[in-house]
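Chemist:
Number of protein chains: 2
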Amino acid sequence: MYLQRLAIAPAQIQNNSVIFTPEQYHYLYRVLRLQTGDRFIIMDGLGKSWLTQLQENSAQILESIDTQTELPRAVTLILALPKNGFDEVVRACTELGVSRILPVMSDRTLLNPSSQKLIRWRRIAQEAAEQSERQVVPTILDPVDLTKALSTTDAKIKYICVARGNNPHLLTRLQSERLEDIALAIGSEGGWTIQEVETAIDYGFQPVSLGNRILRAITAPITAMSLIAASIELINGNA
Amino acid sequence: MYLQRLAIAPAQIQNNSVIFTPEQYHYLYRVLRLQTGDRFIIMDGLGKSWLTQLQENSAQILESIDTQTELPRAVTLILALPKNGFDEVVRACTELGVSRILPVMSDRTLLNPSSQKLIRWRRIAQEAAEQSERQVVPTILDPVDLTKALSTTDAKIKYICVARGNNPHLLTRLQSERLEDIALAIGSEGGWTIQEVETAIDYGFQPVSLGNRILRAITAPITAMSLIAASIELINGNA
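Heads up: the sequence lines are chains A and B, in that order. Positions 776 to 1014 (our numbering) are the ones given, in order, by the first sequence. Positions 776 to 1014 (our numbering) are the ones given, in order, by the second sequence.
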């Protein structure tokens, strides 16, 4: 049986009960159309989920759930902000299992997103985590300059996607490494400048290709995340 | 140097000149802002491209271009029409190299798209082929019933994506086959019925998974096409 899902903050759980915000009540009763006595799943966004039963003013925790749909390695996407379509990137990459999205300002991306945008992206990540049946809500980090992002990323394996040129395909690289935590940087419309790619290489990022065709700034992260998620799921033989 | 691209019909080429429609003139002069004497690329949508120079009332073909960005195997996507977002599926899958998209009506997809919708999807496929620098414009076929689509698909390798269950991952299957032409079927919201999956298996479709998380009807075809395109590009060592 399919059960609805709701992400809550860990502090909302007290003595085996869940205390909801007014917005969450509205969502449960009006949007999901649940009734007192109905069962649904709550997730704390940090990896834990519970089967719960809706009461008049709270929900009773019945049992913890140990399904595991998270990728066994952390994946950080470092994304130069495209002019449009970042909502869709956040949504699809969350479904595909991304751990963290770090928006960056690059030479060809001038816009510094408003705090409203960040709130919006975090809400989309939460909704997409619920709908795709994840246990963890990915973190949308505050935007930083590209150089700061490149210099502070501590993933074991680091890639930068370059649209033209003769770099090995991302899938080739993924198949030739022992997969650890991965960070991958993708540019916006117009791609990276040569200087940006060189800086990334200096910080240990390997340049990779996503294929012979030119992908839009919306498609490229979804494609990269598809290849990374599939490759990571295959290493554990859990796919 | 980056050159603009325009898809034309093969019959528009006569004696090394290209005769444009009024809409194409408008596009070249007003949208792309080209001027007489400017060079750009025309593609006949069937695999041939030429460097051309804009004249007052036509364009002169200067030389044929033999860049090759097409996948070396044909890929057919059989897609149950989602309620929303099919524009984005057509656009992204075109960028990723799809050969043919066959929209199907399934048990959980009732809507029969209008001819306006088909015209729109074909225009999107043409624009996306131009922008992603493909030589071929993928064919958007007229919608048919799922059973007809399953029974008439003649690709050597056939997959059907199933959202839950214990099927091997698409990438596992792609890595274990000698890759020939591929057809892949993906459901809409709610997925396929059990009967539909069984019918597909009867027609030689292998059930596959796209991972442990639940993908939306928009994300699933883009993810599948990302995995197929990368796997096909790798077989020829041209990636």
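Even glycine gets a Cβ: it sits at the ideal position worked out from N, Cα and C.
Give a yes or no on whether 8 Å exceeds the smallest Cβ distance from B/Ser839 to chain A.
Modeler: No, B/Ser839 does not count as interfacial toward chain A.
Chemist: Report the neighbours of B/Glu870 on chain A: residues whose CB is nearer than 7 Å to its CB, in chain order.
Modeler: Within 7 Å Cβ-Cβ: Arg988, Leu990, Arg991, Thr994.
Chemist: Going along chain B in order, which residues have a C-beta closer than 9 Å to the C-beta of A/Ala867?
Modeler: Within 9 Å Cβ-Cβ: Leu990, Arg991, Ile993, Thr994, Ile997, Thr998.
Chemist: Suppose you measure from the CA of B/Leu893 to the CA of A/Asp813; what does that come to, to the nearest Å?
Modeler: Cα to Cα, the separation comes out at about 43 Å.
Chemist: If we count the other Cβ atoms within 10 Å of its Cβ and call it buried at 16 or more, is A/Arg780 buried or exposed?
Modeler: Burial call: buried.
Chemist: What separation, rounded to the nearest whole angstrom, lies between the Cα atoms of A/Asp977 and A/Ser926?
Modeler: Going by the C-alpha atoms only, they are around 9 Å apart.
Chemist: With a threshold of 7 Å on Cβ separation, who are the neighbours of A/Trp963 within its own chain once the five nearest residues in sequence on each side are excluded?
Modeler: First, the residue type needs correcting, since residue 963 of chain A is Ser and not Trp in the sequence shown. Only Ala855, Leu856, Pro857, Ser881, Arg883, Thr884, Ala992 meet the Cβ criterion.
Chemist: Please list, in chain order, all residues of the same chain as B/Ile1010 whose beta carbon is under 6 Å from its beta carbon, the five residues on each side excluded.
Modeler: Once the five neighbours on either side are set aside, the close Cβ partners of B/Ile1010 are Leu954.
Chemist: Using the beta-carbon of each residue, which ones in chain B are nearer than 7 Å to A/Thr844?
Modeler: Correct list: Asn987, Arg988.
Chemist: Apart from the five residues on each side of it in sequence, which residues of its chain come closer than 6 Å, Cβ to Cβ, to B/Gly822?
Modeler: Around B/Gly822: Gln910, Val911.
Chemist: Would you verify that the beta carbon of A/Ala1014 is, or is not, closer than 8 Å to some beta carbon of chain B?
Modeler: Its pLDDT being 42, under 50, A/Ala1014 is placed unreliably in this model, and the value from its coordinates should be taken loosely. Chain B contact via Cβ: present.
Chemist: Would B/Arg848 be called buried (16 or more neighbouring beta carbons within 10 Å of its own) or exposed?
Modeler: Result: buried.
Chemist: Strictly under 8 Å for the Cβ-Cβ distance: is B/Leu1009 near chain A by that measure?
Modeler: So, interface residue.
Chemist: Can a CB atom of chain B be found closer than 8 Å to the CB of A/His801?
Modeler: So no, A/His801 is outside the interface.
Chemist: Residues of the region 901-916 of chain B with a CB closer than 8 Å to any CB of chain A: list them in chain order, please.
Modeler: Those would be Gln906, Ser907, Glu908, Arg909, in chain order.
Chemist: With 9 Å as the limit, tell me which residues of the region 924-948 of chain B have their beta carbon closer than that to any beta carbon of chain A; keep them in chain order.
Modeler: Hits within the stretch, in order: Pro943, His944, Leu945, Leu946, Thr947.
Chemist: Between B/Thr922, B/Asp819, B/Asp862, which lies nearest to B/Arg895 when the distance is taken from Cα to Cα?
Modeler: Nearest C-alpha to B/Arg895: B/Asp862.
Chemist: Using a beta-carbon distance below 8 Å, is B/Val793 in contact with chain A?
Modeler: No, because no Cβ of chain A sits closer than 8 Å to the Cβ of B/Val793.
Chemist: Which of the three DSSP states is assigned to B/Asp956 in this structure?
Modeler: Coil at B/Asp956, not helix or strand.
Chemist: By DSSP, does B/Phe861 sit in helix, in strand, or in coil?
Modeler: It is helical.
Chemist: What would DSSP say about B/Ala782, mapped onto helix, strand or coil?
Modeler: Strand, per DSSP.
Chemist: Please name the residue in B/Leu807, B/Glu952, B/Thr922, B/Ala960 whose C-alpha comes closest to that of B/Ala938.
Modeler: Minimum Cα distance to B/Ala938 is reached at B/Ala960.
Chemist: Our contact map puts A/Ser889 next to A/Val850 with C-beta atoms below 8 Å; I'd like the distance itself, whole angstroms only.
Modeler: Rounded, the Cβ-Cβ distance is 26 Å, inconsistent with contact.
Chemist: Does the beta carbon of A/Ala1004 sit closer than 8 Å to a beta carbon anywhere in chain B?
Modeler: It does: the Cβ of A/Ala1004 has a partner Cβ on chain B nearer than 8 Å.
Chemist: Please work out which residues of its chain come closer than 8 Å, Cβ to Cβ, to B/Gln970, disregarding the five sequence neighbours upstream and downstream, and give them in chain order.
Modeler: Asp882.
Chemist: Given 8 Å as the limit, is there contact between the region 942-950 of chain B and the region 1000-1008 of chain A, that is, 3 or more CB pairs closer than that?
Modeler: Contact between the region 942-950 of chain B and the region 1000-1008 of chain A is present, because at least three Cβ pairs lie under 8 Å.
Chemist: Output needed for A/Leu985: all residues of its chain with C-beta closer than 7 Å, excluding positions within five of it in sequence on either side, in chain order.
Modeler: If we look at A/Leu985 and ignore the five residues flanking it on each side, its Cβ neighbours are Cys936, Leu945, Ala995, Thr998, Ala999.
Chemist: If you count every other CB in all the chains shown that lies within 10 Å of the CB of B/Lys933, and 16 or more means buried, which is it?
Modeler: The residue is buried, with at least 16 neighbouring Cβ atoms inside 10 Å.
Chemist: Note down the Cα distance separating B/Ile783 from B/Leu826, rounded to an integer number of angstroms.
Modeler: Straight-line Cα distance between these residues: approximately 13 Å.
Chemist: Just checking my contact of A/Val793 with A/Ala834 at CB under 8 Å: how many whole Å lie between their CB atoms?
Modeler: Confirmed, Cβ separation roughly 4 Å.
Chemist: Looking only at DSSP bridge pairs, what is B/Thr827 linked to?
Modeler: Its beta-bridge partners are B/Phe815, B/Ile836.
Chemist: Please classify B/Gly872: is it buried, with 16 or more other beta-carbons within 10 angstroms of its beta-carbon, or exposed?
Modeler: Label assigned to B/Gly872: buried.
Chemist: Would you mind telling me which residues of chain B sit closer than 9 Å to A/Ser963, beta carbon to beta carbon, in chain order?
Modeler: In chain order: nothing, as chain B lies at least about 15 Å away.
Chemist: Taking the CB atoms as reference points, tell me whether B/Val879 and B/Ile853 lie closer together than 8 Å.
Modeler: Their beta carbons are under 8 Å apart, which means B/Val879 touches B/Ile853 by this criterion.
Chemist: Please list the residues of the region 886-901 of chain A that have a C-beta atom closer than 9 Å to any C-beta atom in chain B, keeping them in chain order.
Modeler: Here the close residues number zero.
Chemist: Just to confirm, are B/Leu990 and A/Glu845 a CB contact at a threshold of 8 Å?
Modeler: The answer is no: Cβ separation not under 8 Å.
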